[in-house]
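Notes follow the structure.
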Amino acid sequence: MDLYGKDFIVSQEWTKSQLDELLELAARMKRDRYSSRWTSILEHRTFFMFFYNPSVRTRQSFECAATELGGHAQFLEPKAMRLKTATTAGETIEDAAKVMARYACGLGIRILEDKVPHYGAGNELLREYAQWADIPILNMADDRFHPCQGMADVMGWAEWYGEGPGRPSYENLKGKNFLLTWASGALARSWCSVQEALLVASRFGMNVTISRPEGYDLDPEVYAWTHANCEANGRDFCVVDDPETGYDGAHVVYSRNWVTAGAYQDGEFQKKAEVEKAMAYPGWTTTAGRMARTDNAIFTHPMPIDRGSEVTDEVASGPRSAVYDVAENRLHVQKAVMALTMGNL
Amino acid sequence: MDLYGKDFIVSQEWTKSQLDELLELAARMKRDRYSSRWTSILEHRTFFMFFYNPSVRTRQSFECAATELGGHAQFLEPKAMRLKTATTAGETIEDAAKVMARYACGLGIRILEDKVPHYGAGNELLREYAQWADIPILNMADDRFHPCQGMADVMGWAEWYGEGPGRPSYENLKGKNFLLTWASGALARSWCSVQEALLVASRFGMNVTISRPEGYDLDPEVYAWTHANCEANGRDFCVVDDPETGYDGAHVVYSRNWVTAGAYQDGEFQKKAEVEKAMAYPGWTTTAGRMARTDNAIFTHPMPIDRGSEVTDEVASGPRSAVYDVAENRLHVQKAVMALTMGNL
Amino acid sequence: MDLYGKDFIVSQEWTKSQLDELLELAARMKRDRYSSRWTSILEHRTFFMFFYNPSVRTRQSFECAATELGGHAQFLEPKAMRLKTATTAGETIEDAAKVMARYACGLGIRILEDKVPHYGAGNELLREYAQWADIPILNMADDRFHPCQGMADVMGWAEWYGEGPGRPSYENLKGKNFLLTWASGALARSWCSVQEALLVASRFGMNVTISRPEGYDLDPEVYAWTHANCEANGRDFCVVDDPETGYDGAHVVYSRNWVTAGAYQDGEFQKKAEVEKAMAYPGWTTTAGRMARTDNAIFTHPMPIDRGSEVTDEVASGPRSAVYDVAENRLHVQKAVMALTMGNL
Chain A
8 MDLYGKDFIV SQEWTKSQLD ELLELAARMK RDRYSSRWTS ILEHRTFFMF FYNPSVRTRQ
68 SFECAATELG GHAQFLEPKA MRLKTATTAG ETIEDAAKVM ARYACGLGIR ILEDKVPHYG
128 AGNELLREYA QWADIPILNM ADDRFHPCQG MADVMGWAEW YGEGPGRPSY ENLKGKNFLL
188 TWASGALARS WCSVQEALLV ASRFGMNVTI SRPEGYDLDP EVYAWTHANC EANGRDFCVV
248 DDPETGYDGA HVVYSRNWVT AGAYQDGEFQ KKAEVEKAMA YPGWTTTAGR MARTDNAIFT
308 HPMPIDRGSE VTDEVASGPR SAVYDVAENR LHVQKAVMAL TMGNL
Chain B
8 MDLYGKDFIV SQEWTKSQLD ELLELAARMK RDRYSSRWTS ILEHRTFFMF FYNPSVRTRQ
68 SFECAATELG GHAQFLEPKA MRLKTATTAG ETIEDAAKVM ARYACGLGIR ILEDKVPHYG
128 AGNELLREYA QWADIPILNM ADDRFHPCQG MADVMGWAEW YGEGPGRPSY ENLKGKNFLL
188 TWASGALARS WCSVQEALLV ASRFGMNVTI SRPEGYDLDP EVYAWTHANC EANGRDFCVV
248 DDPETGYDGA HVVYSRNWVT AGAYQDGEFQ KKAEVEKAMA YPGWTTTAGR MARTDNAIFT
308 HPMPIDRGSE VTDEVASGPR SAVYDVAENR LHVQKAVMAL TMGNL
Chain C
8 MDLYGKDFIV SQEWTKSQLD ELLELAARMK RDRYSSRWTS ILEHRTFFMF FYNPSVRTRQ
68 SFECAATELG GHAQFLEPKA MRLKTATTAG ETIEDAAKVM ARYACGLGIR ILEDKVPHYG
128 AGNELLREYA QWADIPILNM ADDRFHPCQG MADVMGWAEW YGEGPGRPSY ENLKGKNFLL
188 TWASGALARS WCSVQEALLV ASRFGMNVTI SRPEGYDLDP EVYAWTHANC EANGRDFCVV
248 DDPETGYDGA HVVYSRNWVT AGAYQDGEFQ KKAEVEKAMA YPGWTTTAGR MARTDNAIFT
308 HPMPIDRGSE VTDEVASGPR SAVYDVAENR LHVQKAVMAL TMGNL
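Chains as they are written, first to last, in the working numbering: chain A, 8 to 352; chain B, 8 to 352; chain C, 8 to 352.
As C-alpha cells, this is what we get:
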C-alpha cells in the first residue's frame, strides 16, 4: 500500500489516483460502517490530535474515526505543553515530534490564522512537524488548507450527483459547474476550507467560478493551482465581482465568509478589522432567489453555518442542501486516510 | 427492545416497567461486571458527553460505562464550540445536533443552574437537542433533573434493604419512609438530584417526607408528581418545617443543601445571595442524634458531601452510610441505560 | 503476582527484585510491542490520570500505555472537581478516592512544586489518596519523586550499555560512573526527576557524582538513601562544586536545571526568585568539550530539554544522546507497571 507513512497536508500534493483510492475506500467504509474489515486497522494504536485551535466537527470526527478503526485518538492541547517560542524557553518541535513518533501511529494538527503571526505560518508548522516525525502528519485544518474537508466535500457532491449516500459518482461531477461565493457575516473566517474546495473541485473536473467583492481574492498560489487543474481537465476557471451572476447554471453552490489578504498586520491576525471590512458587503447571502438561477444546484458548506448571513434557512435546510451529508463524510474520509497512511491493511 | 433510541431526561417520563427493566439489567451488570455479555454492546461506537458544567462523578462514571461496554465516550466542552447565542454568531443547535447524530450512538448533556438564565432553561436545552438529534439524549444532570442519580439512589437503597451489592429488593422498599431534608451549607446546590430523588422514592412505593425551612420548597410540578406517585401507591407525602421531626421512623435519610425558588434574578443565578440566605439556617445537619430518631435508617447522599454542614462525619462514614454504594451504582445504571437505549442487545 | 494492587510512589520503596521484574517485563513489551500477550491485560478497564499539573510526555505515554494494554486512560483535571481545600467547602480526598476505587483499576496522580505550599506536600497528597483508595496509586511525578521516569532512565542507559533497544544489560551498568550535574537555565525545575535518577543509579550499582553550585543540594533524605544504596553496592557517592571535574571518567551524564531548597517562602513556590538565583550560575551547560572528559559517556535527560542552557544542540542531538530512547521507555515501563499492579497477568 503505497500511501502507508504518507503525510496529508494538502490534497494538491497527492496524485489524483491516490485521492481516488482514498475516496473509494471512504465510500466502502460508509456503506458498511462497522464491518470487521475496518475495526481492527488501528487496534491498540494511538493517534495524537494536536489542537492549537479548538474545534467541534474536526475533534468529533477524528476521535470517532480512530474509535471505529479500533484505535484511540488522544486529545492534546499545546497550551499544556512547554513548547519553545520566540520569547520563552521550552521544548523544540524537533524534540516534541521525535518523541511523539515513538508513541503514536500518526499525528493530526490543527492551527488556524489567529494563532500565527503571518499567513502560511500554520502550514509551515505542520511541515516542521512532518520533517522531524517519521509518522504521518494529518492536516486537521491549518491557515492555508483543510484537505479532509475537501475530500468530504467532493464525496458529498458526488453522492448527490451519484446514487446517494455511500454511492458517489465522480464521473458525473466532470463538466459540472462549481460556484464558490464569498458571503457576508461577522465571523472573519479562515481561507483553509474554501481554498481546499477550489483545489478539489478543479481537480475532479468541474468548471470553477469564484464570486467575491474586490479585495477578497484568495492565495495566488491556490488560484494558480486551480487554474492549472482546470486547464489540465479542459475546464474553465473564472472570477466574478458581483453576488448574482456566478449562480447562473451552477450545479454546486458553496457560500462562505472569508477574510482579505490584508488580515495580518504587525504580526497579528486582525479579526476586528476584518469583521468591519466585511460589513461593507451586506447581502452576499445565498438565497432561494439566487439558487433559482442555478441548474438545480445543491448547496454545500463546511459548517458551522452562519445562517442568515452566509445562507438563508430556506436554502441551508432545504431539499437540495448537502451540508449534513458532507459533514458526515468527514468521518468516512478520515477513517480512510488513517487506514491508508497508518493502518495494517 | 423497546427502549432502543429512547431519550432519558427525567425518570418520570419512563414507565415503571421501563425503569424496572433498567434496574434489573444494572444489577446483573453489577454482579458480573466484565462479563462478555456486556463488553461488546457499544463496540467501536462513540458516546458524546457534553459538559456545559464540569463534573467529577458524572464524567468518571459515564466514561467508565462506555469503556466497560466496549465503546468510547468523548469528553466535549461547549466552550470549544462556536455555538450561536442571543448575542453572538455561531452554530445553531439544530446544526450541531444533526451532525452529532451522524457520528455518535448517543449524546449525554450536563448543564446546571449557573449556566442558564432562568430555572428550567437547562432542561429546555436538552429537549432542543432531543428534538433535532435522532440518537438518544441522556440527561447527565440539568437544572431540574438527574435521572441517572435517581436510579443509582434507589438501586442503592434497595440493595441495603435487599441482599446487598448487586442484589436489590425493590419490594422491600414499598411502604418504607423516605426523608429528604434540606441541609445547611455554603454550596448553593442545584435542585436536580433532590427532585429526582423525590420522584424515584415516590414511584417505588415509599412514603415521602420533605423537611426544609420555610422558603425552601422545590418545583411545584415535582411536588405534584411526587404527590400523584404517592397517591397511586397508597402512600403519604408530607412537608415539615423543622429539622427534627422528619427523622421519626425514617428508613432512608437523604440530606442535602439546595437553593430557594428565588435563586434567579435578572437572568442570572445568584449564588452569593443564596449562600447568604442559607446562612440563616445553621444546624440543619444530619447528626447521629437525629439518626437515632429513625427506624435504623440508612444515610444516602448523591455526593460530593459537604461534611460538617450537610452531615457529620460520624454519620457519613458510619455503618449505615450508603453513599459509596450509591456512587458506585452510577456506573451500573448508566451502563444499563446506554445498553438499552443505544446497544445491540 | 506479588505486585498486584501495589502503589508505585518512589522506586526506593520497591525491592530491587521487584524493580528487576518490572524492567524485565518492560523490555519484553518493548521487543514485542503489540503482542496479544499484552493487549488484553486491561481490557475494558479504566485507569484514571489525575493531573494537578499539565504534562506532555506523561500524559501521552500513560494514555498510550493504557491503550496498548487494551484499556482506557481517563484524563482528569482536579480543577473540574469541587475538592475541599483549607479555605473552601468541597469534597474530601477520602470521599473522592473511595469512589474512584469503585470505578477504576488504578489512579495516576501528577502534582508538582508550584501547586503545593511546601516541599513534600505533593508527595503527601499521593499518600493520602493511597490511604483511602484500595486500587494502586501510581506517581506520575510529584514534588519529590518520579519513579516511572527513573525506570525509563535506567532502562535506557542499560540498553546503551547492553545490546540496544529492548535488550538492556543491567549487569553492565554496575561500577559505571553516573554524573548528575545541575544546569543553567530559567525554568526553575522540580527535584522529582533528578532525585529519582540518584536513587535509581545508586540502586543499580553505579558510582554517583553530583555536581552543582553551592546552595543547590537536593533533599537530604534522598542523599542519605543514595549514599546507603552506594554503600550497599560497594560504590562511591560524592558531591562536587564545579561544573567541570564531575565529567572525568563518567559513563552516563545527566544535566538538568533545578531549584534550591529555599524555593518555598510563605507557603508558595517562588519561581521568579529561583530563576534569578539560577542566573548567577551561567555556563553550567553540558558541552562537547565537557563530554570529551568522560569515558565516552552517553547523554541522558528526562525532557523537555532546555537546549542552549542545559546542554548544547551538538550533545543533545549527537551520536551518544539517549534522550529519545529514554523518552520512549516511559511507555514501556509504564505498561509494565500497570500490567503488574493492575492487570490480569
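Beta carbons are placed, not taken as given, at the ideal position from N, Cα and C, and that holds for glycine.
Can you tell me the Cβ-Cβ gap for residue i and residue j, rounded? I've got them flagged as a contact below 8 Å.
i                 : j                 : result
CYS112 of chain C : LEU49 of chain C  : 7 Å
TRP232 of chain C : GLN19 of chain C  : 5 Å
CYS199 of chain C : ASP150 of chain C : 6 Å
PHE185 of chain B : MET213 of chain B : 4 Å
ALA304 of chain A : HIS258 of chain A : 5 Å
VAL207 of chain B : LEU187 of chain B : Actually they are not in contact, since the Cβ atoms of VAL207 of chain B and LEU187 of chain B sit about 11 Å apart, beyond 8 Å.
SER316 of chain A : THR301 of chain A : 20 Å between Cβ atoms; not a contact.
Taking C-alpha atoms, which residue in the options lies nearest to residue i?
i                 : options                                   : result
LYS86 of chain A  : A:SER218, A:GLU228, A:ALA304 and A:PHE57  : A:PHE57
PHE55 of chain C  : C:MET310, C:ARG109, C:ALA334 and C:ARG35  : C:ARG109
ALA346 of chain A : A:VAL17, A:ARG66, A:ASN60 and A:ALA73     : A:ALA73
GLU120 of chain A : A:ARG337, A:ASP243, A:GLU98 and A:THR267  : A:THR267
MET286 of chain C : C:PRO220, C:ALA231 and C:PRO124           : C:PRO220
MET107 of chain C : B:THR348, B:VAL333, B:GLU281 and B:VAL344 : B:VAL333
GLY97 of chain C  : B:LEU194, B:GLY350, B:ARG263 and B:GLY97  : B:LEU194
ILE116 of chain A : A:ILE100, A:HIS125 and A:PRO124           : A:ILE100
TRP21 of chain B  : B:PRO154, B:ASP141, B:SER47 and B:ALA80   : B:PRO154
TRP164 of chain C : C:THR348, C:ASN351, C:HIS339 and C:ALA329 : C:ALA329
CYS237 of chain B : B:TYR41, B:GLU317 and B:ARG210            : B:ARG210
GLY269 of chain B : B:ALA239, B:GLU251, B:ASP226 and B:LYS183 : B:ASP226
GLU84 of chain B  : A:THR348, A:GLY77, A:HIS51 and A:ARG64    : A:ARG64
ASP224 of chain A : A:ALA190, A:ASP39, A:ASP14 and A:PRO124   : A:ALA190
Just verifying my parser: in three-state terms, what is the DSSP assignment at residue i?
i                 : result
ASN303 of chain A : coil
MET56 of chain B  : strand
TYR261 of chain B : strand
GLN277 of chain A : coil
GLY113 of chain A : strand
TYR331 of chain C : helix
ARG44 of chain C  : coil
ARG196 of chain A : coil
THR252 of chain A : helix
ILE100 of chain A : helix
TYR271 of chain B : strand
THR293 of chain B : strand
From which residue to which residue does the alpha helix (DSSP H) around residue i run?
i                 : result
THR74 of chain C  : 64-75
VAL201 of chain C : 199-210
May I ask which residues mark the beginning and end of the beta strand (DSSP E) holding residue i?
i                 : result
HIS234 of chain B : Premise fails: HIS234 of chain B lies in the alpha helix (DSSP H), 227-240, not in any beta strand (DSSP E).
CYS245 of chain A : 244-247
HIS79 of chain C  : 79-83
VAL215 of chain A : 214-218
TRP189 of chain C : 184-189
LEU145 of chain C : 144-146
Below 7 Å on C-beta distance, what does residue i contact in chain B?
i                : result
THR74 of chain A : HIS51, THR53 and HIS79
Chain B partners of residue i, CB-CB under 9 Å?
i                 : result
GLN67 of chain A  : THR53, PHE55, GLN81, LEU83, VAL106, MET107, TYR110 and ALA111
ALA334 of chain A : ASP102, LYS105, VAL106, ARG109 and TYR110
TYR41 of chain A  : GLU50, HIS51 and ARG52
Can you pull the chain A neighbours of residue i, defined as C-beta to C-beta under 7 Å?
i                 : result
THR46 of chain C  : HIS51
PRO311 of chain C : ARG89, GLY97, GLU98 and ASP102
TYR331 of chain C : LYS105, VAL106 and ARG109
Output, in chain order, the set of chain A residues within a Cβ distance shorter than 9 Å of residue i.
i                 : result
ALA280 of chain C : The premise fails here: ALA280 of chain C is roughly 17 Å from chain A at the closest Cβ pair, so nothing lies under 9 Å.
Hey, is residue i close to the ligand ZN, as in C-beta under 7 Å from one of its heavy atoms?
i                : result
LYS37 of chain A : As for the ligand ZN, it is missing from this structure, which has no ligand bound.
Which bits of chain C does residue i rub up against, with CB to CB less than 8 Å?
i                 : result
LEU338 of chain B : ARG109 and TYR110
ARG64 of chain B  : VAL106
Can you list the residues of chain A that residue i reaches, using a CB-CB cut of under 8 Å?
i                 : result
ARG117 of chain C : Going along chain A, no residue has its Cβ under 8 Å from ARG117 of chain C, so there is no contact; the nearest lies around 11 Å.
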